[in-house]
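Protein chains: 2
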Amino acid sequence: MSLRHAVLGLLSEHPASGYDLMKLFESSLSNVWPATQSQVYGELGKLSAAGLLTVSAEGPRGRKEYAVTAAGRAELRHWLVETEPERVRRSETLLRVFFLGLLTPDEATAFLAVEATRAAQEAAALRELEPTVDPGANALSVHGRLALEYGLRLAALQEEWARWAAGQIAAAQEAAS
Amino acid sequence: MSLRHAVLGLLSEHPASGYDLMKLFESSLSNVWPATQSQVYGELGKLSAAGLLTVSAEGPRGRKEYAVTAAGRAELRHWLVETEPERVRRSETLLRVFFLGLLTPDEATAFLAVEATRAAQEAAALRELEPTVDPGANALSVHGRLALEYGLRLAALQEEWARWAAGQIAAAQEAAS
DNA sequence: AGCCTACCTTCCACCCTTGACAGGTCAACG
DNA sequence: CGTTGACCTGTCAAGGGTGGAAGGTAGGCT
Chain X
1 MSLRHAVLGL LSEHPASGYD LMKLFESSLS NVWPATQSQV YGELGKLSAA GLLTVSAEGP
61 RGRKEYAVTA AGRAELRHWL VETEPERVRR SETLLRVFFL GLLTPDEATA FLAVEATRAA
121 QEAAALRELE PTVDPGANAL SVHGRLALEY GLRLAALQEE WARWAAGQIA AAQEAAS
Chain B
1 MSLRHAVLGL LSEHPASGYD LMKLFESSLS NVWPATQSQV YGELGKLSAA GLLTVSAEGP
61 RGRKEYAVTA AGRAELRHWL VETEPERVRR SETLLRVFFL GLLTPDEATA FLAVEATRAA
121 QEAAALRELE PTVDPGANAL SVHGRLALEY GLRLAALQEE WARWAAGQIA AAQEAAS
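Top to bottom, those sequences are chains X and B. If you read the first sequence in full-length UniProt numbering, its first letter stands for residue 1, the second for the next number, and so on. If you read the second sequence in full-length UniProt numbering, its first letter stands for residue 1, the second for the next number, and so on.
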């Protein structure tokens, strides 16, 4: 349901083709809302059928450039201001944590260790992304920095938590013996 | 794809009916992996057809109690030890953050303020859940505590981040004027 | 005895997401 | 001139998640 708004939002900066949008998704937005190409093209079709987008230009290879209409901007604004974001937290990792008791303590701590290093790697990857986000570039990147910071903090949290949890398991093991 | 493992995991503690499972989901697991009743019953059917579960007892109102088979335990273990958890981070809130530039600074900070109070409320709700998780009760609750701690830390992170982000926007606004 | 509530299962229709496939065109380089 | 690679759009099947509706039974309370 939010993909449509992601597309509207990206196009509100400047008109683009489906192909362009895919690149935008891959570069910046993929971390918060991944999308496949079939989804993007499908959504462009639906949005223009609904009058929220128009084909603003046609290029070389059948390229169609879409631009947001007034109705599209209104919808985007409506979404941002008057609707509540849906928060479904579904974490396969945490689901596994619930069942860690089915493993031996060693296996469980190993799992958490993997989790910790993974979080560290992700933090490193995000830090490499940091200079990419040029402060003055466009309005999107300004707020992209905020999202990036969130990602960094989250990765740090995950690493610390995983280490702490491994410690908890080790402590419980000692208490039992 | 993980719902099947959530069901297997819950049943590995003790046998239960679909109705029982729904209550378990609502009480503990819903925070990390929500499920609807249609999903649960469907999954029970598929799992017993696949031989990972058996009907261990039949009760009053057509109640069927399912128990994990040896194959089911093997599958559960396989999932825990030999497969990688899927990590798709899809956050509608962060998606909106990317497009906060379409709002006035005041509207944007208001959005973040809502986010901060929401995180605080969630933390409070989780803290109320804390005594529910009895340390010695069952193997599941031991690790449930770990998941709960994660939730608490995450909520704290979200609140702090939202306040920080609001500050960033205010600072940018001042710099511009 | 009768009713209400909790118990308990099952089916269906819709949407989003994924992944794969299909197909076509322009530009540049050797 | 021919091939390669980047560009560009589109369709389809399958699967998971959501929400709602339907339908029926046991136990307890008045």
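Glycine included, each C-beta is placed from N, C-alpha and C at the ideal position.
Taking 8 angstroms as the CB-CB cut-off, is Tyr-150 of chain B touching chain X?
Start at 1 with the first residue of the second sequence, and residue 150 of chain B comes out as number 150. True, the Cβ-Cβ gap to chain X drops below 8 angstroms.
Backbone CA spacing between Tyr-19 of chain B and Gly-59 of chain X [nearest angstrom]:
For the purposes of this step, residue 19 of chain B is taken as residue 19 along the second sequence, with counting starting at 1. For the purposes of this step, residue 59 of chain X is taken as residue 59 along the first sequence, with counting starting at 1. Rounded to whole angstroms, Tyr-19 of chain B to Gly-59 of chain X spans 58 angstroms at the Cα level.
Beta carbon of Thr-69 of chain B: closer than 7 angstroms to some heavy atom of the ligand GTP?
Inclusion of the ligand GTP in the displayed structure is not the case, the ligand content being empty and no account of it being possible.
Can the beta-carbon of Arg-63 of chain X be found closer than 8 angstroms to that of Ser-17 of chain X?
If you number the first sequence from 1, residue 63 of chain X lands on position 63. If you number the first sequence from 1, residue 17 of chain X lands on position 17. Cβ atoms of Arg-63 of chain X and Ser-17 of chain X: closer than 8 angstroms.
Classify Thr-54 of chain B as helix, strand or coil using the three-state DSSP reduction.
Counting from 1 along the second sequence, the entry for residue 54 of chain B is found at position 54. Thr-54 of chain B: strand per DSSP, three-state reduction.
Members of the segment 47–75 of chain X near chain B, C-beta cut-off 7 angstroms:
none
Under 8 angstroms between C-beta atoms of Leu-103 of chain B and Leu-126 of chain B:
The residue labelled residue 103 of chain B in the question sits at position 103 within the second sequence. The residue labelled residue 126 of chain B in the question sits at position 126 within the second sequence. Cβ distance not < 8 angstroms, so Leu-103 of chain B and Leu-126 of chain B don't count as in contact.
Let me check understanding here. Comparing Cα to Cα, which of X:Leu-80, X:Ala-110, X:Tyr-66, X:Glu-82 lies closest to Glu-82 of chain B?
In the second sequence, residue 82 of chain B corresponds to position 82, counting from 1. Out of X:Leu-80, X:Ala-110, X:Tyr-66, X:Glu-82, X:Ala-110 has the C-alpha closest to the C-alpha of Glu-82 of chain B.
Using C-beta distances below 6 angstroms, list every residue in its chain close to Glu-75 of chain B, excluding the 5 sequence neighbours before and after it, in chain order.
For the purposes of this step, residue 75 of chain B is taken as the residue at position 75 of the second sequence. Hits under 6 angstroms: Leu-52.
Which whole-angstrom value is the C-beta distance of Ala-162 of chain B and Glu-128 of chain B, which I expect to be below 8 angstroms?
Your numbering for residue 162 of chain B matches position 162 in the second sequence. Your numbering for residue 128 of chain B matches position 128 in the second sequence. Contact flag wrong, Cβ pair sits at about 22 angstroms.
Buried or exposed for Thr-117 of chain X, please, with buried defined as at least 16 other CB atoms from any protein chain shown within 10 angstroms of its CB.
Position 117 of the first sequence, counting from 1, holds the residue named residue 117 of chain X. The residue in question, Thr-117 of chain X, is exposed, as its Cβ has fewer than 16 Cβ neighbours within 10 Å.
Could you check which residue in B:Ile-169, B:Ala-49, B:His-143 has the C-alpha nearest to that of Val-97 of chain B?
Mapped onto the second sequence, residue 97 of chain B falls at position 97. Nearest of B:Ile-169, B:Ala-49, B:His-143 to Val-97 of chain B, Cα basis: B:Ile-169.
Spatial neighbours of Ala-119 of chain X within its chain, please: CB distance less than 7 angstroms, with the 5 preceding and 5 following residues excluded, ordered by chain position.
For this step, residue 119 of chain X is matched to residue 119 along the first sequence. Only Ala-155, Gln-158, Glu-159, Ala-162 meet the Cβ criterion.
At the 8 angstroms Cβ level, is Gly-18 of chain B part of the contact set with chain X, yes or no?
Here residue 18 of chain B refers to the residue found at position 18 of the second sequence. Cβ-Cβ to chain X under 8 angstroms: no for Gly-18 of chain B.
Within 10 angstroms of the Cβ of Thr-36 of chain B, are there 16 or more other Cβ atoms? Answer buried if so, exposed if not.
Taking the first residue of the second sequence as position 1, residue 36 of chain B is located at position 36. By the neighbour-count rule (16 or more Cβ atoms within 10 Å), Thr-36 of chain B is not buried but exposed.
Among B:Ser-27, B:Asn-31, B:Ala-50, nearest to Leu-8 of chain B - alpha-carbon criterion
Against the second sequence, residue 8 of chain B aligns to sequence position 8. Checked all of B:Ser-27, B:Asn-31, B:Ala-50; the closest Cα to Leu-8 of chain B is B:Ala-50.
If Gly-101 of chain B and Val-32 of chain X are in contact, beta carbons under 8 angstroms, what's the gap, nearest whole angstrom?
In the second sequence, counting from the first residue as 1, residue 101 of chain B sits at position 101. In the first sequence, counting from the first residue as 1, residue 32 of chain X sits at position 32. No, Gly-101 of chain B and Val-32 of chain X are not in contact; Cβ-Cβ is about 15 angstroms, not under 8 angstroms.
What separation, rounded to the nearest whole angstrom, lies between the Cα atoms of Glu-84 of chain B and Phe-99 of chain X?
Here residue 84 of chain B corresponds to residue number 84 of the second sequence, with the count starting at 1. Here residue 99 of chain X corresponds to residue number 99 of the first sequence, with the count starting at 1. Looking at the two C-alpha atoms, the distance is approximately 15 angstroms.
Determine the direct distance from the alpha carbon of Ala-175 of chain X to that of Gln-39 of chain X, and round the result to whole angstroms.
Here residue 39 of chain X refers to the residue found at position 39 when the first sequence is read from its first residue. Here residue 175 of chain X refers to the residue found at position 175 when the first sequence is read from its first residue. When rounded, the distance between both Cα atoms is 52 angstroms.
State the Cα-Cα distance for the pair Leu-146 of chain B and Leu-21 of chain X, rounded to the nearest angstrom.
The residue you call residue 146 of chain B lines up with position 146 of the second sequence. The residue you call residue 21 of chain X lines up with position 21 of the first sequence. Distance between the alpha carbons of Leu-146 of chain B and Leu-21 of chain X is about 40 angstroms.
Taking the alpha-carbon of Ala-166 of chain B as reference, which of B:Pro-105, B:Ala-123, B:Gly-151 has the nearest alpha-carbon?
Here residue 166 of chain B is taken as the residue at index 166 of the second sequence, counted from 1. Comparing Cα positions, the closest option is B:Pro-105.
Please check the pair Arg-4 of chain X and Leu-47 of chain X, which I expect to be a contact at CB under 8 angstroms, by giving their CB distance rounded to whole angstroms.
Locating residue 4 of chain X in the first sequence gives position 4, counting from the first residue. Locating residue 47 of chain X in the first sequence gives position 47, counting from the first residue. That belief holds up - the Cβ atoms of Arg-4 of chain X and Leu-47 of chain X are roughly 6 angstroms apart, short of 8 angstroms.
Of all Cβ atoms in chain X, is any one closer than 8 angstroms to the Cβ of Leu-21 of chain B?
Reading the second sequence from its first residue, position 21 is the one you call residue 21 of chain B. Cβ-Cβ to chain X under 8 angstroms: no for Leu-21 of chain B.
Run through DSSP, which three-state label would Val-97 of chain B get?
Residue 97 of chain B sits at position 97 when you count from the first residue of the second sequence. If DSSP states are grouped into helix, strand and coil, Val-97 of chain B belongs with the helices.
Partners in chain X for Gln-168 of chain B, counting only beta-carbon separations shorter than 7 angstroms:
To locate residue 168 of chain B, count along the second sequence from 1; it is residue 168. Correct list: Leu-146.
Would a check of beta-carbon distances place Phe-99 of chain B closer than 8 angstroms to chain X?
Translated into positions along the second sequence, residue 99 of chain B becomes position 99. Taking Cβ atoms only, chain X reaches closer than 8 angstroms to Phe-99 of chain B, which makes this a yes.
What would DSSP say about Ala-70 of chain X, mapped onto helix, strand or coil?
Taking the first residue of the first sequence as position 1, residue 70 of chain X is located at position 70. Ala-70 of chain X: helix per DSSP, three-state reduction.
Mind checking which residues open and close the alpha helix (DSSP H) that includes Thr-117 of chain X?
Taking the first sequence and counting its residues from 1, the one referred to as residue 117 of chain X is at position 117. That run of the alpha helix (DSSP H) goes 105–129.
Which one or two residues does DSSP pair with Glu-65 of chain B in a beta bridge?
Here residue 65 of chain B refers to the residue found at position 65 of the second sequence. Answer by DSSP bridge pairing, in chain order: B:Ala-57.
Pairwise C-alpha distance: Leu-24 of chain B and Leu-112 of chain X:
Sequence index remark: in the first sequence, residue 112 of chain X carries index 112 (1-based). Sequence index remark: in the second sequence, residue 24 of chain B carries index 24 (1-based). Straight-line Cα distance between these residues: approximately 25 angstroms.
DSSP on Ala-16 of chain B, reduced to helix/strand/coil?
For this step, residue 16 of chain B is matched to residue 16 along the second sequence. DSSP places Ala-16 of chain B in strand when its eight states are reduced to three.
I'd like to know if Glu-43 of chain B contacts chain X, where contact means its C-beta is closer than 8 angstroms to some C-beta of that chain.
Position 43 of the second sequence, counting from 1, holds the residue named residue 43 of chain B. With 8 angstroms as the cut-off, Glu-43 of chain B does not count as an interface residue toward chain X.
Measure from the C-beta of Glu-107 of chain X to each C-beta in chain B and report whether the shortest distance is under 8 angstroms.
Indexing the first sequence from 1 puts residue 107 of chain X at position 107. Chain B, which has a Cβ nearer than 8 angstroms to the Cβ of Glu-107 of chain X, makes this yes.
Run through DSSP, which three-state label would Ser-27 of chain X get?
Here the question's residue 27 of chain X lines up with position 27 in the first sequence. Three-state DSSP puts Ser-27 of chain X in a helix.
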